[in-house]
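Chains as they are written, first to last, in the working numbering: chain Z, 1 to 282; chain C, 283 to 564.
There are 2 protein chains.
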Amino acid sequence: MLTVRTIAALRARRQELWRSGHTVAFVPTMGALHEGHLALVERGRELADEVWVSIFVNPTQFAAGEDFTRYPRDEERDGRLLAERGVALLFAPDVKEIYPRPGVITLDAPPLTGGLCGAHRGGHFQGVLLVVAKLFNIVQPEVAVFGAKDYQQALLIRRLVDDLCFPVRLEIVPTVREADGLAMSSRNAYLDPQQRLAATVLHRALAAAAAQAQTGERSGAALEAAIAAVVAGEPAVTLQYAAAVDPETLQPQPNIARRVLLAAAVVVGSARLIDNILVEVQ
Amino acid sequence: MLTVRTIAALRARRQELWRSGHTVAFVPTMGALHEGHLALVERGRELADEVWVSIFVNPTQFAAGEDFTRYPRDEERDGRLLAERGVALLFAPDVKEIYPRPGVITLDAPPLTGGLCGAHRGGHFQGVLLVVAKLFNIVQPEVAVFGAKDYQQALLIRRLVDDLCFPVRLEIVPTVREADGLAMSSRNAYLDPQQRLAATVLHRALAAAAAQAQTGERSGAALEAAIAAVVAGEPAVTLQYAAAVDPETLQPQPNIARRVLLAAAVVVGSARLIDNILVEVQ
Numbered sequence: 001m002l003t004v005r006t007i008a009a010l011r012a013r014r015q016e017l018w019r020s021g022h023t024v025a026f027v028p029t030m031g032a033l034h035e036g037h038l039a040l041v042e043r044g045r046e047l048a049d050e051v052w053v054s055i056f057v058n059p060t061q062f063a064a065g066e067d068f069t070r071y072p073r074d075e076e077r078d079g080r081l082l083a084e085r086g087v088a089l090l091f092a093p094d095v096k097e098i099y100p101r102p103g104v105i106t107l108d109a110p111p112l113t114g115g116l117c118g119a120h121r122g123g124h125f126q127g128v129l130l131v132v133a134k135l136f137n138i139v140q141p142e143v144a145v146f147g148a149k150d151y152q153q154a155l156l157i158r159r160l161v162d163d164l165c166f167p168v169r170l171e172i173v174p175t176v177r178e179a180d181g182l183a184m185s186s187r188n189a190y191l192d193p194q195q196r197l198a199a200t201v202l203h204r205a206l207a208a209a210a211a212q213a214q215t216g217e218r219s220g221a222a223l224e225a226a227i228a229a230v231v232a233g234e235p236a237v238t239l240q241y242a243a244a245v246d247p248e249t250l251q252p253q254p255n256i257a258r259r260v261l262l263a264a265a266v267v268v269g270s271a272r273l274i275d276n277i278l279v280e281v282q
Numbered sequence: 283m284l285t286v287r288t289i290a291a292l293r294a295r296r297q298e299l300w301r302s303g304h305t306v307a308f309v310p311t312m313g314a315l316h317e318g319h320l321a322l323v324e325r326g327r328e329l330a331d332e333v334w335v336s337i338f339v340n341p342t343q344f345a346a347g348e349d350f351t352r353y354p355r356d357e358e359r360d361g362r363l364l365a366e367r368g369v370a371l372l373f374a375p376d377v378k379e380i381y382p383r384p385g386v387i388t389l390d391a392p393p394l395t396g397g398l399c400g401a402h403r404g405g406h407f408q409g410v411l412l413v414v415a416k417l418f419n420i421v422q423p424e425v426a427v428f429g430a431k432d433y434q435q436a437l438l439i440r441r442l443v444d445d446l447c448f449p450v451r452l453e454i455v456p457t458v459r460e461a462d463g464l465a466m467s468s469r470n471a472y473l474d475p476q477q478r479l480a481a482t483v484l485h486r487a488l489a490a491a492a493a494q495a496q497t498g499e500r501s502g503a504a505l506e507a508a509i510a511a512v513v514a515g516e517p518a519v520t521l522q523y524a525a526a527v528d529p530e531t532l533q534p535q536p537n538i539a540r541r542v543l544l545a546a547a548v549v550v551g552s553a554r555l556i557d558n559i560l561v562e563v564q
């Protein structure tokens with residue numbers, strides 16, 4: 001596995017691949033890799049000749065007071081995992097390489113960035129859109145692979161690709177879970193054993209609401225209340241939001257017609273965790 | 283010259299060029315071509331194997347009440363001019379091809395889009411950034427060529443390329459003028475003979491202020507007043523703004539240090555015309 005730290009070195013390698021006619025599937029990450037990330041790598045291997053992974057803890061997507069400085073970083077371990085899975089190239093730039101000077105261009109998608117996580121993480125999705133646009137232009141992959149756990153992010157990146165005509169195929173991979181249902185997340189590393197146990201309430205709450213939707217509940221407000229009620233049963237966990245929204249617009253659904261996104265964010269100790277379930281109703 | 287109207291057809295041709303190792307210089311236009319556009323084509327020929335030109339009157343960069351519907355369109359004449367200059371490909375999509383559905387992604391650069399023309403054309407530069415990002419992703423040119431007459435636009439596109447890491451070399455070509463100094467513009471077609479004569483006051487006013495800057499005037503306000511005074515001498519012409527600003531930040535310069543952008547917009551009959559001079563002071 002080749003590790004490159006500069007845009008120039010990456011582009012030189014990209015030129016070589018074009019000449020040889022090989023394609024690239026790109027998996028952007030912030031490192032602290034888990035089986036969820038590795039599932040993205042596996043999917044990438046099915047879709048292109050080479051998988052390229054970036055590890056970049058992007059400062060512009062952390063809101064003030066969030067965990068940018070303490071976000072887990074272990075490039076040596078991450079590199080080993082990626083090499084084992086056959087990743088061809090690791091792009092691990094420092095912040096100055098991606099943000100050499102203060103930027104002026106801003107990206108947004110006001111109806112989609114304001115709700116759910118966006119309401120609690122000021123500037124987060126604007127930072128995500130910015131860094132993904134940069135990375136797409138740097139890597140120029142044929143395919144880009146993202147995880148479904150970050151539903152709002154995946155939706156925004158789909159609109160970024162569609163609206164700006166990025167020549168990239170977007171692939172969204174289902175959430176990978178621990179045996180007890182907890183969604184894999186780099187931030188699970190913040191949990192002590194008791195918090196780790198309590199954190200399972202997030203998926204249980206969403207699954208309970210999904211079961212209600214599948215058995216006839218059509219009120220978004222009732223589904224949101226169902227999520228909140230289950231989370232409230234776990235005193236170590238604080239609900240940040242519970243949402244039952246249209247999967248395309250992220251707007252509340254008073255009466256669910258066909259599909260509903262059930263999404264929630266909770267705080268457990270010093271970890272903020274998110275999860276979601278997309279439910280098709282009959 | 284090949285004329286294509288769909289993104290798919292353009293990308294197919296682009297793939298062929300990559301395989302043959304040929305490079306593309308891209309000249310995005312709104313048609314109604316004049317010698318200024320053709321100078322961009324000529325520069326493109328020096329910088330790449332093929333020159334590709336787009337003609338697309340972009341609705342999102344026209345403010346409400348502006349001249350979108352009456353903007354001059356003559357693709358047959360434009361196509362002939364481009365073919366004569368050795369252009370390899372004309373991309374002439376319709377609006378639905380570029381905007382197949384309402385977009386949600388927005389681009390902006392607040393400190394740079396708000397002043398000068400931006401203060402008088404609500405949403406104009408946001409629309410320019412959007413369509414240029416789309417066109418760059420559609421055409422994927424090695425080089426893109428723009429004119430210096432639209433200084434604020436050129437500056438914004440430079441920041442778009444730098445901030446979003448677009449893999450394109452940007453080339454800015456000096457303004458082409460009529461013999462009497464009037465900058466070439468598609469909107470000059472709106473002028474009747476008397477207005478055409480009166481419109482020369484725009485360049486005269488900027489040139490007069492530039493001469494003052496070169497002979498020692500260091501007050502931005504005094505230079506702006508000088509532009510306004512010359513324009514006021516021509517009753518058929520109304521000044522929209524006169525600016526003496528920092529060429530990088532577009533902010534007012536109370537005391538000019540090294541370089542100053544002198545820029546102005548005027549209204550003559552139904553035409554809004556702009557021009558600028560960049561002055562290096564000693």
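All C-beta atoms, glycine included, are put in the ideal place defined by N, C-alpha and C.
With DSSP as the reference, please indicate the residues paired to residue i in a beta bridge.
i	result
Q52 (chain Z)	Note on residue identity: the sequence assigns Trp, not Gln, to residue 52 (chain Z). Note: W52 (chain Z) sits in a beta bridge opposite Z:F26 and Z:L89.
E453 (chain C)	C:V427
T285 (chain C)	C:L372
R459 (chain C)	C:A465
S219 (chain Z)	Z:N255
L281 (chain C)	A question about residue 281 (chain C) goes unanswered here, because the residues of chain C that appear run from 283 up to 564.
V550 (chain C)	C:V519 and C:A553
Locate the alpha helix (DSSP H) running through residue i, then write down its first and last residues.
i	result
T113 (chain Z)	P110 to T113
Q522 (chain C)	Not the alpha helix (DSSP H): Q522 (chain C) falls in the beta strand (DSSP E), residues V519 to V527.
V104 (chain Z)	Where V104 (chain Z) is concerned, there is no enclosing alpha helix (DSSP H), given that its DSSP letter is neither H nor E.
A64 (chain Z)	Neither: A64 (chain Z) is in no alpha helix (DSSP H) and is coded neither H nor E.
A39 (chain Z)	E35 to L47
G361 (chain C)	E357 to E366
A154 (chain Z)	Y151 to L164
G400 (chain C)	C399 to H402
V95 (chain Z)	V95 to I98
Could you check if residue i is buried or exposed, using at least 16 other CB atoms within 10 Å of its CB as the buried criterion?
i	result
N566 (chain C)	Residue 566 (chain C) is absent from the model: chain C starts at 283 and stops at 564.
S552 (chain C)	exposed
G568 (chain C)	It is not possible to answer for residue 568 (chain C), since the shown part of chain C is limited to 283 through 564.
T395 (chain C)	buried
R43 (chain Z)	buried
P423 (chain C)	buried
Q194 (chain Z)	exposed
A391 (chain C)	buried
R296 (chain C)	buried
D150 (chain Z)	buried
A526 (chain C)	buried
A257 (chain Z)	exposed
Q253 (chain Z)	buried
With respect to the beta strand (DSSP E) encompassing residue i, which residues constitute its N-terminal and C-terminal limits?
i	result
N558 (chain C)	A553 to E562
V413 (chain C)	Per DSSP, V413 (chain C) belongs to no beta strand (DSSP E); it is in the alpha helix (DSSP H), H406 to V421.
A213 (chain Z)	Careful: A213 (chain Z) lies outside any beta strand (DSSP E), inside the alpha helix (DSSP H) at V201 to Q214.
L191 (chain Z)	It is not in any beta strand (DSSP E) - L191 (chain Z) carries neither H nor E in the DSSP assignment.
Return the chain-ordered list of same chain residues with a C-beta closer than 8 Å to the C-beta of residue i, the five sequence neighbours on each side being excluded.
i	result
L389 (chain C)	Q408, L411, L412, A415 and L442
I138 (chain Z)	I7, L10, R11 and F91
E248 (chain Z)	L155
D356 (chain C)	G313 and A314
S336 (chain C)	F308, V309, P310, T311, L372, F373, A374, P375, L417 and V421
H34 (chain Z)	V176, M184, S185, S186 and N188
Using C-beta distances below 7 Å, list every residue in its chain close to residue i, excluding the 5 sequence neighbours before and after it, in chain order.
i	result
V95 (chain Z)	P59
V266 (chain Z)	L202, V231, V237, T238, L239, Q240 and L273
F344 (chain C)	F350
Q212 (chain Z)	L223 and A226
E237 (chain C)	Residue coverage of chain C in this structure runs from 283 to 564, which leaves residue 237 (chain C) outside it and unanswerable.
A208 (chain Z)	A226 and V230
R158 (chain Z)	L170
Y472 (chain C)	G551, S552 and A553
Would you mind giving the Cβ-Cβ distance between residue i and residue j, rounded to the nearest angstrom? I have them listed as a contact below 8 Å.
i	j	result
E178 (chain Z)	V145 (chain Z)	That belief does not hold up - the Cβ atoms of E178 (chain Z) and V145 (chain Z) are roughly 21 Å apart, past 8 Å.
V561 (chain C)	Q496 (chain C)	6 Å
E50 (chain Z)	L17 (chain Z)	7 Å
D246 (chain Z)	A264 (chain Z)	Rounded, the Cβ-Cβ distance is 16 Å, inconsistent with contact.
L364 (chain C)	M283 (chain C)	6 Å
R367 (chain C)	V425 (chain C)	Not quite, the Cβ-Cβ distance comes to about 16 Å (not below 8 Å), so this is no contact.
L532 (chain C)	G405 (chain C)	No, L532 (chain C) and G405 (chain C) are not in contact; Cβ-Cβ is about 17 Å, not under 8 Å.
A487 (chain C)	V550 (chain C)	A487 (chain C) to V550 (chain C), Cβ: 13 Å. No contact.
I277 (chain Z)	A210 (chain Z)	5 Å
Here's a check: name, in chain order, each residue in its chain whose Cβ is nearer than 6 Å to the Cβ of residue i, leaving out the five neighbours to either side.
i	result
H273 (chain C)	With chain C covering 283 to 564 only, the question about residue 273 (chain C) has no answer from this structure.
R121 (chain Z)	A63
Would residue i pass as an interface residue toward chain D - the criterion being a Cβ-Cβ separation below 8 Å?
i	result
C399 (chain C)	The displayed structure is made up of protein chains Z and C, and chain D is not among them.
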